[in-house]
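Below is one structure; the comments refer to it alone.
2 protein chains.
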Amino acid sequence: MPSLNDVAKLSGYSIATVSRVINGSDKVTPSTRESVEKAMESLGYLPSRVARRLRQKGGLRHLLGVILPNIQNPINAEIARGIEDIAYANRFAVILCNSDDKYEKEKFYLDVMRAESVDGVILPPNQESNAAVLEVIEKGMPVVLVDRAIRGVQVDTVEVDNVIGAKAAIDHLIQLGHTRIAMIAGPGSISNSRQRKRGFEKAFKEANLPIDPELVRTGDYTQSTGRALAEELLDLTSPPTAVFASNNFMAVGALEAIHKRNLRIPEDVALIGFDDFPWAESLDPPLSVVKQPAYEVGQTAAQLLLDRLSNPDLPISKLRLSPELILRKSC
Amino acid sequence: MPSLNDVAKLSGYSIATVSRVINGSDKVTPSTRESVEKAMESLGYLPSRVARRLRQKGGLRHLLGVILPNIQNPINAEIARGIEDIAYANRFAVILCNSDDKYEKEKFYLDVMRAESVDGVILPPNQESNAAVLEVIEKGMPVVLVDRAIRGVQVDTVEVDNVIGAKAAIDHLIQLGHTRIAMIAGPGSISNSRQRKRGFEKAFKEANLPIDPELVRTGDYTQSTGRALAEELLDLTSPPTAVFASNNFMAVGALEAIHKRNLRIPEDVALIGFDDFPWAESLDPPLSVVKQPAYEVGQTAAQLLLDRLSNPDLPISKLRLSPELILRKSC
DNA sequence: TTGAAAGCGCTAACAA
DNA sequence: TTGTTAGCGCTTTCAA
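What follows is the structure, given as structure tokens:
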């Protein structure tokens, strides 16, 4: 790979002048610029981002770090895409990692981000990783939290209003006349999961309806626990007439369980899930969901990070985007 | 961020010695190692991957570049995950980019990869980008192609046997007694799409069945063209009794079109798609598909790249993994 | 076993 | 407007 030096030699100018041409300095004669550019062209020269990052301590490195639980979850893919589109528009590249919500992986990748001196990191922290995230923030790394919040620090955050989203779903179910509404909740260690449960409870409270603790089960956001817990629920002597699943995978699991028992949806059991996905419409029946604006979450987070990089003194933003209740045929 | 120098000062040794400790050289006294490690610990020192990449021209940079069309396609997410799991196991980080199959984006990201001096790049080339990909390969960058092949170079490639996969689907349909089988094909510019069409044709040929050109339509791998083309097909005076869609999105689009006309599946129209996805089982009816081993493709490609890095003289591998026909309820 | 010093490719301060 | 030079954090000879 040709270096600055090669270009300098070929063009007959110094490396400083070549550097100026690259960086678009206006202190270069047009004719100089032209011959330098010609030299770069003929060598197929490309400035090394690595050398640049090493040197230019103040400036932008044009590299973002993104750590998500699992890119195979459409919600994460949407967030990643939102981030990447903003990044690309600003000529940033993205190091994307999957943490599986495992502390060890998240810590490893956080270290990678530091070691790569990325400009900033976007991630949804989980409870266990808070310490590692906190440490990175304290070390001065710009961080934007998405989807999940963290306590004890002031840091840019883009969340979805999970309480409102869950409440809207339950409100609708109650309006439909349901009183025995089950919730397949997510892990208590994840803040969005706790919030969705709170929305569930709030809806009951406002409607002056009692919650049957037997109808509230906790899964781990996978399809298999969704199925298993729905089966438990349907086995109850007094089973629920409606089920609210706290994420996309568990909703599909619940759907499978209901089908397996040949129950009609929504006549025998109504079903509503949190998280929309490209095939929700084509399910049997088309699944009603609370749709989070995941793509916008990604976009907003990336923009927030970029803004912070160009202006570190900006006040901290804590954004909360609104989910949308999409009624299809399952309730 | 603390540097080598800081550690050297604190520990009282030179930067060379500290470097040796970091790199696990055996030419360091245990007691020296211990005090250096203590210094690193107390400073929270992390070697800069950037500086290391700049200096160490021969060695591994522990950074991979991956360029995929769109991470929101589950197939790409699976490939990405396969790559990442192998990368993580070997302590590599991954720069992941979405090209949207656009030449401009692919070129930009290819430049980024060079500029970041990644160890190697994994990508599915599209026809237009071949020149850019070829250039990168010629510049000496290790490249592994996935999913799509390229002509005119010897380069490591991991493909899926699309011809066999498509043929298996059509064979099955023919066995079921179908003769008017439609194909919703993908763009001719993408090699896997051409291969799937070839599989379709081959099945007809072997069965001594004529292909009605009216039943072969070309879409662009999106849900909307899948729907539109399926509608065209169903509007025919002599409509098909079975439809084969060349990818997941178009299959779902076709499913929607069939539902919209209240046709029964598979009684009125049988449907089979290429590409499996997490919700195919929960569709109405559960969708029969040709499943590509996308996760394995990713894993294999990453392993191939890692092998090549550690041994550049390895012979070129051209692997072709087998897809699997998964029969559910739609045919 | 350890250290001094060169240099990877670049930016930026200073000089001319 | 252009060039010289120091130095970013590291690895790697070469010497001690």
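Residue numbers (this note's numbering), protein chains in the order written: chain A, 189 to 519; chain B, 189 to 519.
Glycine included, each C-beta is placed from N, C-alpha and C at the ideal position.
Original post:
Among A/N286, A/L252, A/E469 and A/D344, which residue has its Cα nearest to the Cα of B/I274?
Top reply: It is A/N286.
**OP:** Taking only beta-carbon positions, decide if B/H447 is within less than 9 Å of chain A.
**Re:** Yes, B/H447 counts as interfacial toward chain A.
Subject >> Option nearest B/P503 by Cα separation, candidates B/Q342, B/A319 and B/K327 >> reply: Closest option to B/P503, Cα to Cα, is B/Q342.
Subject >> DSSP state of B/K215 mapped onto helix, strand, coil >> reply: Correct three-state label for B/K215: coil.
**OP:** Indicate whether at least one CB of chain B lies closer than 9 Å to the CB of A/I259.
**Re:** Interface criterion met: the Cβ of A/I259 is under 9 Å from a Cβ in chain B.
Original post:
When burial is assigned at 16 or more other CB atoms within 10 Å of the CB, is A/T488 buried or exposed?
Top reply: Counting Cβ neighbours within 10 Å, A/T488 comes out buried, since at least 16 surround it.
**OP:** Please name the residue or residues paired with A/C519 in a DSSP beta bridge.
**Re:** Answer is none; A/C519 lacks a bridge partner.
Original post:
If you measure from the beta carbon of B/E225 to each beta carbon in chain A, is any gap under 9 Å?
Top reply: No, no contact with chain A.
Subject >> Same chain, Cβ closer than 8 Å to A/V457, five either side skipped, listed in chain order >> reply: Exclusion of the five residues before and after A/V457 leaves L422, P427, P428, T429, A430, V431, I446 and L451 as the residues of its chain whose Cβ lies within less than 8 Å of its Cβ.
**OP:** Kindly list, in the order they appear in chain A, the residues whose Cβ is closer than 8 Å to that of B/E266.
**Re:** Result: Q260.
Original post:
Using the C-alpha atoms, what's the distance from B/R508 back to B/R339?
Top reply: One C-alpha to the other measures close to 16 Å.
Original post:
Can you tell which of B/D495, B/A319 and B/S230 has its C-alpha closest to the C-alpha of B/S191?
Top reply: Out of B/D495, B/A319 and B/S230, B/S230 has the C-alpha closest to the C-alpha of B/S191.
Subject >> B/P257 to A/R208 span [Cα, whole Å] >> reply: If you draw a straight line from the Cα of B/P257 to the Cα of A/R208, it comes to about 35 Å.
Original post:
Looking only at its own chain, which residues have a Cβ that is under 7 Å from the Cβ of B/R527, when we skip the five neighbours before and after it?
Top reply: Residue coverage of chain B in this structure runs from 189 to 519, which leaves residue 527 of chain B outside it and unanswerable.
**OP:** Output the boundary residues of the alpha helix (DSSP H) element that contains A/K448.
**Re:** Counting along the chain, the unbroken alpha helix (DSSP H) around A/K448 starts and ends at N436 to K448.
Original post:
Using the C-alpha atoms, what's the distance from A/L515 back to A/E394?
Top reply: Answer to the nearest angstrom: the Cα atoms are 22 Å apart.
Original post:
Which class does B/L421 belong to by DSSP, given the choice of helix, strand or coil?
Top reply: Residue state, collapsed to three classes: helix.
Subject >> Euclidean distance between Cα positions of A/L333 and A/P218 >> reply: Going by the C-alpha atoms only, they are around 45 Å apart.
Subject >> Extent of the continuous beta strand (DSSP E) to which A/S305 belongs >> reply: Taken as a continuous stretch (DSSP letters only), A/S305 belongs to no beta strand (DSSP E), as it is neither H nor E.
Original post:
Would a C-beta distance cut-off of 9 Å place A/P511 and A/Q491 closer than the cut-off?
Top reply: Against a cut-off of 9 Å, the Cβ pair of A/Q491 and A/P511 comes out as no contact.
**OP:** Indicate whether at least one CB of chain B lies closer than 9 Å to the CB of A/P330.
**Re:** Chain B contact via Cβ: absent.
**OP:** Quick one: residues in its chain with C-beta nearer than 7 Å to the C-beta of B/R449, no 5 flanking neighbours on either side, listed in chain order?
**Re:** Excluding residues within five positions, the ones whose Cβ falls inside 7 Å are L422.
Subject >> For A/N286, three-class secondary structure by DSSP >> reply: The DSSP-derived three-state label of A/N286 is strand.
Original post:
If you draw a straight line from the C-alpha of B/A482 to the C-alpha of B/N380, how long is it?
Top reply: Rounded to whole angstroms, B/A482 to B/N380 spans 13 Å at the Cα level.
**OP:** Please name the residues in the stretch 280 to 301 of chain A whose beta-carbon is closer than 9 Å to at least one beta-carbon of chain B, in chain order.
**Re:** Hits within the stretch, in order: A281, V282, I283, L284, C285, N286, K293, F296, Y297, D299, V300 and M301.
Original post:
Using a beta-carbon distance below 9 Å, is A/S236 in contact with chain B?
Top reply: Nearest CB-CB separation between A/S236 and chain B: below the 9 Å threshold.
**OP:** Inspect the beta-carbon positions of A/L417 and A/G441 and report whether they are closer than 9 Å.
**Re:** Yes, Cβ-Cβ distance for A/L417 and A/G441 is below 9 Å.
Original post:
What are the start and end residues of the alpha helix (DSSP H) that includes B/L192?
Top reply: Counting along the chain, the alpha helix (DSSP H) containing B/L192 begins and ends at L192 to S199.
**OP:** Mark A/K327 as exposed unless 16 or more other C-beta atoms lie within 10 angstroms of its C-beta, in which case mark it buried.
**Re:** So A/K327 ends up on the exposed side.
**OP:** For B/L513, write down the residues that DSSP places opposite it in a beta bridge.
**Re:** Per DSSP, B/V478.
Original post:
Mind checking A/P313: buried by the 16 CB within 10 Å criterion, or exposed?
Top reply: With 16 or more Cβ atoms within 10 Å of its Cβ, A/P313 is classed as buried.
Original post:
Between the C-alpha atoms of B/L494 and A/V351, what's the straight-line distance to the nearest angstrom?
Top reply: If you draw a straight line from the Cα of B/L494 to the Cα of A/V351, it comes to about 46 Å.
Original post:
Does any C-beta atom of chain B lie closer than 9 Å to the C-beta of A/F462?
Top reply: Judged by the 9 Å Cβ criterion, A/F462 is not in contact with chain B.
Original post:
Leaving out the 5 sequence neighbours to the left and right, which residues in its chain are closer than 6 Å to A/A354 when beta-carbon positions are compared?
Top reply: Hits under 6 Å: R384, G387 and F388.
Original post:
Can you give, in chain order, each stretch of the beta strand (DSSP E) that sits fully within the stretch 219 to 287 of chain B and has at least 3 residues?
Top reply: List check, beta strand (DSSP E) in window: 251 to 256 and 281 to 286.
Subject >> Contact set between A/R241 and chain B, taken where Cβ atoms lie within less than 7 Å >> reply: Listed along chain B are V238, each with a C-beta nearer than 7 Å to that of A/R241.
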